[in-house]
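Per full-length UniProt numbering, the very first residue in the sequence shown carries number 1; after that it's consecutive.
What follows is a single structure, written as structure tokens, with notes after it.
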Amino acid sequence: MCVVLIVLWKRRKGSLNPQCTSPKSPPASPCARFLPTMLYSGLQWKKGRSKVSISTVVNHKRRQLLPTILMATAMNFRFRDTRGSRSLLLDDIEDGGIRPSSSYSSHEINEHENDRAMDGLQDRVLMLKKLTGDIHEEVEGHNRMLDRMGNDMDSSRGVLSGTMDKFKMVFQTKSSRKMFTYVASFVVIFLIIYYLTSGEEEGVDRHTLTNNGEHRRRGGAEDPSMTRRSRRSVDDAVEQTAMEFQPGHLTSEELEQLSLVKGGGGGEEREIQKNYWVEHSVDLTVEAMMLDSMAADLDKEERPEVLSLLPDYEGKNVLELGAGIGRFTGELAKKAGKVIALDFIESVVKKNESINGHLGNVEFMCADVTSSDLNFPAESMDLVFSNWLLMYLSDTEVEYVAERLLKWVKVGGYIFFRESCFHQSGDHKRKNNPTHYREPRFYTKVFKECHTSDVSGNSYELSLVGSKCIGAYVRSKKNQNQICWIWKKVVNTENDRGFQQFLDNIQYKNSGILRYERIFGPGFVSTGGLDTTKEFVAMLDLKPGQKVLDVGCGIGGGDFYMAETFDVDVVGIDLSVNMISFALERAIGLKCSVDFEVADCTKKSYPDNTFDVIYSRDTILHIQDKPALFRTFYKWLKPGGKVLISDYCRKSGTPSEDFAEYIKQRGYDLHDVETYGQMLRDAGFGEVTAEDRTEQFKEVLRRELERVEKGKEEFIHDFTEDDYNDIVGGWKAKLVRTGSGEQRWGLFVAKKK
């Protein structure tokens, strides 16, 4: 039994290839003969082929080879006379007989004795064929499973040799040989059954994994030591997305063709998605629609949150896509002038109508949004709303639908959509899951690059109003992958792209963010990284359950630290889409209460007395009207709440010509430390501390520069030599500016009275 296991083990591992020679004669007993003969005769493993071959001596004077043939048949082995007389392939069995393979040798053999052996083998093979059936195909289909057994078989030859010595001793007695026959036969049959059944089960698991969408998750926390190719792939992927998904480059005829090929007109994608939702629409409940056992509780918190994010639509036309059973239909109808609720599953549409049909301003439609048969007049909608729709469309369909929505919505109108990104959120078990769990940057790129023109030649595009995580999922599941976007249709003005696009396209490009992260540490893009974060956060005396607003959160390192260390709830906002995209990727798997949002802090609105702490690192230098922002901070803070800010400053008086040019080039608004502190006092804050931390700033710069210069080769390998020169030059320039006293670094802490 042990030897059988060893043989199977080595066959799985692929290391079985001892080139040994056959002994003159195996033991006399058939029981003693069948396995030792096979092992001694030479074991041969050939990788890269679907057939596993084991050479064995066929003693033509004795014909009791049933156990040997049984095991060989089950494992698709080749039997060959090691004396070179002839070889027999079990695959050569045809019509109840044996067709000898073409690998006969020219050696002289005893034909009479050989014929007797062949006759005996033929009888046994016929019997085995009836017993085993299609076992060849089954085993061959599960050959991949065999590679999983065993970890180290480098010493296979020694093990086999030692084992054979023991077998010679064991088979000296008749009782031992008889017992071995029964045990070995039982083990072989058991292993065959085990391989077949376990292989089938694991095959199902692999099928499920392939189809459940989980493999789409690509965005775990990025290793700072990633190679240059990996670093560049981030920008390459974004640029490739921009090239591949530009709906504005399609003609109307091409768009219609896309609809016919990929849309509701019979495309494979639509059929798969429809079958999926037919399966999950048997029970027309909130749980079935949300695919989550916590749906009832989540709905109570999530639905009001989503509705609160919508722009004003009172008395206006609303198109609801993927309306389902009407979770949002009735709520939208309470304020809208008219709601068109559309879904492509007829039973679902009827359920929605049974719930909300009494509302006089709702029209129910059963249609596929990708179908060319579905059309609305241009600029007829004030708001297009969808919840979990685009994730059930192919990439090309998302592009096509984005173009259609831009045409349907009015100038000044809005498009709102919410999708599951990265991975599945609901715990509902699914046999197959065709959902596309994409990166958020995919949707941002598609809609940002979307544009259209009217008959007068006016060009229109979508401007991103905001993008954020759904807070209900962050609080309930510590899950940041439920993300929504709000877009506004505006006139395309090439000369006015806004500060947000300046940040994303110039100052904080993807490659630039990764370079900064390399300097400051994983998750950080501000001075000192984790070290200064720990020092400054310690001043806030955070308590579990408190709520923190991080203005200019970057890629989230400080937020993760506060949430994980102090068990606080953090809201991180940043105007840079690129920053928030990286932050969302870094959040995967951390299970911390951090809610990220693309937002302009000068336009964002929160209820008064919302936060216990407002935290900002080297960000407010971009804000021109600081007094107004500080007054807003004061309103957002709870009584007794604290604000902590680190920021670039300058010395008092008139800056030099070079430094003034630097400020202008960057678009900064810098003040001296004392003036900065006074603005906080004027906003109503008390206990204001304004510290000049320039010496600490210079020390941090020197450490960071030294670290980069020591790792020059690695940095250039991961990025480029130009990137290295830019970083080193930039850090040296900061040291020159701080050394001259013109650039300062301030730390400010204040408290709401």
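Just so you know, even glycine gets a beta-carbon here, dropped at the ideal spot from N, CA and C.
Given the structure is predicted, the values throughout are model-derived calculations rather than measurements.
Could you pull out every residue in the same chain whose Cβ sits closer than 6 Å to the Cβ of K488, ignoring the five residues on either side in sequence? Scanning its chain for C-beta atoms nearer than 6 Å, with the 5 sequence neighbours on each side dropped, one finds around K488 the residues Y414, S463, V465, in chain order.
In angstroms, rounded to a whole number, what distance separates the CA positions of D618 and L644? Straight-line Cα distance between these residues: approximately 11 Å.
Grouping DSSP H, G and I as helix and E and B as strand, with all else coil, what is M365? M365 falls in the strand class under three-state DSSP.
Please report the residue range of the beta strand (DSSP E) in which S386 lies. S386: member of the beta strand (DSSP E) spanning 381 to 387, first to last residue.
Measure the alpha-carbon distance for W636 versus E305 and round it to whole angstroms. Approximately 19 Å between the Cα atoms of the pair.
Is the stretch 385 to 394 touching the stretch 353 to 361, taking contact as three or more C-beta pairs under 8 Å? The answer is no - the stretch 353 to 361 does not touch the stretch 385 to 394, with fewer than three Cβ pairs under 8 Å.
Is the CB-CB distance between R418 and Q482 below 8 Å? Their beta carbons are under 8 Å apart, which means R418 touches Q482 by this criterion.
In the DSSP assignment, what residue or residues form a beta bridge with G337? DSSP lists no partner for G337.
Residues of its chain near D91, where Cβ-Cβ distance is below 6 Å and the 5 sequence neighbours each way are ignored: Below a pLDDT of 50, predicted positions are generally treated as unreliable, and D91, at 39, falls in that range; the measurement from the model is reported next regardless. Taken in chain order, the list of residues that qualify is empty.
Locate the alpha helix (DSSP H) running through F447, then write down its first and last residues. For F447, the uninterrupted alpha helix (DSSP H) segment begins and ends at 440 to 448.
For the alpha helix (DSSP H) containing H717, name the first residue and the last one. Start and end: 712 to 718.
For Y276, does the three-state DSSP call read helix, strand or coil? Y276: helix per DSSP, three-state reduction.
Segment limits, beta strand (DSSP E) that includes I573: From DSSP, the beta strand (DSSP E) with I573 extends over 569 to 574.
What does the alpha-carbon distance come out to for the pair T435 and Q480? Per the coordinates, the alpha-carbon of T435 lies some 17 Å from the alpha-carbon of Q480.
In this structure, what does DSSP give as the bridge partners for Y414? Y414 is bridged to L383, K488.
Please classify Q743: is it buried, with 16 or more other beta-carbons within 10 angstroms of its beta-carbon, or exposed? The residue is buried, with at least 16 neighbouring Cβ atoms inside 10 Å.
Indicate the three-state DSSP secondary structure (helix, strand or coil) for R693 in the structure shown. Note: R693 maps to coil in three-state DSSP.
Going by the beta-carbon positions, is the gap between N510 and N432 smaller than 8 Å? No. Outside cutoff.
Residue range of the beta strand (DSSP E) that includes I663: Looking at the DSSP string, I663 is not in any beta strand (DSSP E); the run it does join, the alpha helix (DSSP H), is 657 to 666.
Apply the 10 Å Cβ neighbour rule to A32 and answer buried if 16 or more other Cβ atoms are within range, or exposed otherwise. Any reading at A32 must be qualified, since the residue scores a pLDDT of 41, below 50, and its modelled position is unreliable; the value itself is stated next. With at least 16 other beta carbons inside 10 angstroms of its own, A32 counts as buried.
Determine the direct distance from the alpha carbon of R327 to that of M290, and round the result to whole angstroms. Cα to Cα, the separation comes out at about 10 Å.
By the three-class DSSP mapping on this structure, what secondary structure does R650 have? Under the three-state reduction of DSSP, R650 is assigned to strand.
Taking 8 Å as the threshold (C-beta atoms), are V594 and G556 in contact? Against a cut-off of 8 Å, the Cβ pair of V594 and G556 comes out as a contact.
Where does R327 fall in DSSP's three states? It is coil, neither helix nor strand.
Are the beta-carbon atoms belonging to C649 and W745 less than 8 Å from one another? For the 8 Å CB-CB criterion, C649 and W745 form a contact.
Out of E379, Q696, E709, which has the shortest C-alpha to C-alpha gap to V455? Among E379, Q696, E709, the Cα nearest to that of V455 is on E379.
DSSP state of L644 mapped onto helix, strand, coil: L644 sits in a strand when the DSSP states are folded into three classes.
How would you write the range of the alpha helix (DSSP H) that T370 sits in, first residue to last? Boundaries cannot be given for T370, as no alpha helix (DSSP H) includes it and DSSP labels it neither H nor E.
Residue span of the beta strand (DSSP E) that contains Q743, given as start and end: Run containing Q743: 743 to 751, per the beta strand (DSSP E) assignment.
How should I513 be labelled, buried or exposed, when 16 other C-beta atoms within 10 angstroms of its C-beta is the threshold for buried? Per the 10 Å Cβ criterion, buried.
Whole angstroms are fine: how far does the CA of V568 sit from the CA of G589? Rounded to whole angstroms, G589 to V568 spans 18 Å at the Cα level.
Do L584 and P440 have their C-beta atoms within less than 8 Å of each other? Cβ atoms of L584 and P440: closer than 8 Å.
Start and end residues, beta strand (DSSP E) containing T452: Bounds of the beta strand (DSSP E) holding T452 are 451 to 453.
Reduced DSSP secondary structure (H/G/I, E/B, other) of I555: Three-state result, I555: coil.
If you draw a straight line from the alpha carbon of A660 to that of L670, how long is it in whole angstroms? A direct Cα-to-Cα measurement between A660 and L670 gives close to 10 Å.
Kindly indicate the opening and closing residues of the beta strand (DSSP E) around G466. Residues 459 to 469.
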